[in-house]
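Shown next, in structure tokens, is the structure this report addresses.
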Amino acid sequence: MSALSVIQPVPITNENFERWGQVVRLPDADPNAVQVNQGTAQKFSHLAEFVNLRPASTDTANPNPSLLTAKANIAIFKCYKPVATPQFEIKLLERHSYSSQMFMPMGGDGNGSYIVVTAENGPDDRPILSTLQAFRCNNTLGINYKPNVWHHPMIVIEKPVQFMTITHESGVALEDCEEYWFTKESGSEGGAAALIQLA
Numbered sequence: 001m002s003a004l005s006v007i008q009p010v011p012i013t014n015e016n017f018e019r020w021g022q023v024v025r026l027p028d029a030d031p032n033a034v035q036v037n038q039g040t041a042q043k044f045s046h047l048a049e050f051v052n053l054r055p056a057s058t059d060t061a062n063p064n065p066s067l068l069t070a071k072a073n074i075a076i077f078k079c080y081k082p083v084a085t086p087q088f089e090i091k092l093l094e095r096h097s098y099s100s101q102m103f104m105p106m107g108g109d110g111n112g113s114y115i116v117v118t119a120e121n122g123p124d125d126r127p128i129l130s131t132l133q134a135f136r137c138n139n140t141l142g143i144n145y146k147p148n149v150w151h152h153p154m155i156v157i158e159k160p161v162q163f164m165t166i167t168h169e170s171g172v173a174l175e176d177c178e179e180y181w182f183t184k185e186s187g188s189e190g191g192a193a194a195l196i197q198l199a
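Numbering (UniProt numbering), first residue to last: 1 to 199.
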């Protein structure tokens with residue numbers, strides 16, 4: 001097996017993450033922000049585009065009646081075990097074909113980080129290993145994946161992070177979350193296909 005590609009994460013920005021989704025952050029300035037709660041708070045709206053590609057239960061023109069309707073699942077991911085090694089092995093990617101998926105750190109203080117890994121979809125409907133990208137996010141930033149974007153589960157470094165997540169789910173496993181394991185590319189069952197440089 002040839003040497004694994006080593007991918008260096010870059011700091012995430014609105015611009016370099018745009019093809020995969022949106023960075024969810026408090027804007028530096030927003031002319032559309034409004035004063036709310038009797039003048040004690042500001043409201044910043046429409047920070048991400050949340051999409052559900054499944055048909056509504058009332059859609060009589062549904063072209064794919066086998067798809068069940070889905071509802072938004074507001075969940076918490078408790079990432080309690082930060083990665084402590086200088087490199088992290090990429091063995092799989094996942095995608096949510098019909099829904100955006102938002103991750104928003106809870107109680108982020110800017111002193112912890114997590115890594116986001118994405119890849120393009122290929123003509124065989126599998127992730128293209130050579131297109132892997134990695135982004136470093138501090139724990140005050142959230143991200144919102146577009147539907148059908150291949151990505152790795154959260155890689156938390158430095159300290160634990162709790163994320164509030166929102167995903168439209170129907171309860172049908174392969175429709176809610178599809179996984180692809182890089183066993184063929186890595187040359188061994190369960191082996192790594194690439195490395196993310198963390199330190």
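Every residue, glycine too, gets a C-beta built ideally from N, C-alpha and C.
Source: prediction; values computed, not measured.
Counted as a single uninterrupted DSSP element, the alpha helix (DSSP H) harbouring glutamate 175 occupies residues 173-176.
In the structure shown, glutamate 120 falls within a coil segment according to DSSP collapsed to helix, strand and coil. Of the residues assessed, methionine 104 falls on the buried side of the cut-off, its CB having 16 or more other CB atoms within 10 angstroms.
The criterion of a C-beta distance shorter than 8 Å is not satisfied by isoleucine 12 and phenylalanine 88. Annotation: the continuous beta strand (DSSP E) that includes glycine 142 extends over 142-145. For glutamate 179, the three-state secondary structure derived from DSSP is strand.
Per DSSP, the unbroken beta strand (DSSP E) holding proline 105 starts and ends at 101-105.
Residue ranges of uninterrupted alpha helix (DSSP H) with 4 or more members are absent from the segment 13-60; none lies entirely inside it. For histidine 46, the number of other beta carbons within 10 angstroms of its own is below 16, and it is reported as exposed.
The beta carbons of tyrosine 98 and alanine 70 sit closer together than 8 Å. If you check the CB distance, glycine 110 and asparagine 139 come in under 8 Å. Residue pairing for asparagine 73: DSSP places it in a beta bridge opposite Thr167.
Cβ contact annotation for isoleucine 76 (same chain, cutoff 8 Å, sequence separation greater than five): Met106, Gln162, Phe163, Met164, Thr165, in chain order. Taking the CA atoms as reference points, tryptophan 150 sits about 9 Å from leucine 132. Just measuring C-alpha positions, the residue of Ile128, His168, Glu158, Arg126 sitting nearest tyrosine 145 is His168. Closest option to isoleucine 196, judged by alpha-carbon separation, among Glu178, Ala173, Ile157: Ile157. In the structure shown, glutamate 94 adopts extended strand secondary structure according to DSSP, grouped into three states. Serine 100 and tyrosine 180 have their C-alpha atoms some 18 Å from each other. Judged by their CB atoms, isoleucine 128 and cysteine 137 are not nearer to each other than the 8 Å cut-off. Looking from the CA of aspartate 176, the closest CA among Arg54, Arg25, Pro31 belongs to Arg54.
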